[in-house]
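Peer 1: Below is one structure. I have some questions about it.
Numbering (UniProt numbering), first residue to last: 1 to 160.
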């Protein structure tokens, strides 16, 4: 369960502010509010009671745009948060005693072994993760990455 709290509207480094954005936790609507994308965090503040959440980028382990309305009723931005990386005094989730999230993150941590903290795989550095003596990814991870990024020979710089 998400715990909404008093959140201050960002004032610096705002890259995007979008009103009338509906936030969800799993399939539960948190209502409509304003979404702020800043240099350091993603913040959503409810229009109804001015409560919301703010997630610093280091706590975001995955984000994606989904247009598959067979999975969710509308197009959306999916964000997966590592609760352990969020501030301890600022919990986003209610601890319900279940270890599902811990197991999921444990599996994720195992696939990230050997990768320096804060290092991202981008089109510019993808070659260092594609095999050779310094291989740091599993075969499944490499196959997924190749499926997502495609063949480097067909990289389109106009997309950056």
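From the three backbone atoms N, C-alpha and C, an ideal C-beta is built for every residue, glycine too.
1. Hey, is the stretch 43–52 in contact with the stretch 73–82, meaning 3+ C-beta pairs nearer than 8 Å?
2. Check residue 41 in the structure and name its three-state DSSP category.
3. With a threshold of 16 other CB atoms inside 10 Å of the CB of residue 74, please say whether the residue is buried or exposed.
4. For residue 67, which residues of its own chain have a beta-carbon under 8 Å away from its beta-carbon, when the five flanking residues on both sides are left out?
5. Shortest alpha-carbon distance to residue 33 belongs to which of 59, 140, 45, 2?
6. Buried or exposed for residue 69, going by 16 or more other Cβ atoms inside 10 Å?
Peer 2: According to the structure data:
1. no
2. Counted from its first residue, the chain shown places residue 41 at position 41. Residue 41: strand per DSSP, three-state reduction.
3. Here residue 74 is taken as the residue at index 74 of the chain shown, counted from 1. Exposed: under 16 other Cβ atoms inside 10 Å.
4. Here residue 67 refers to the residue found at position 67 when the chain shown is read from its first residue. Cβ neighbours of residue 67 beyond the five flanking positions: 75.
5. In the chain shown, counting from the first residue as 1, residue 33 sits at position 33. That would be 45, whose Cα lies nearest to the Cα of residue 33.
6. Residue mapping note: residue 69 aligns to position 69 of the chain shown, counting from 1. Flag for residue 69 reads exposed.
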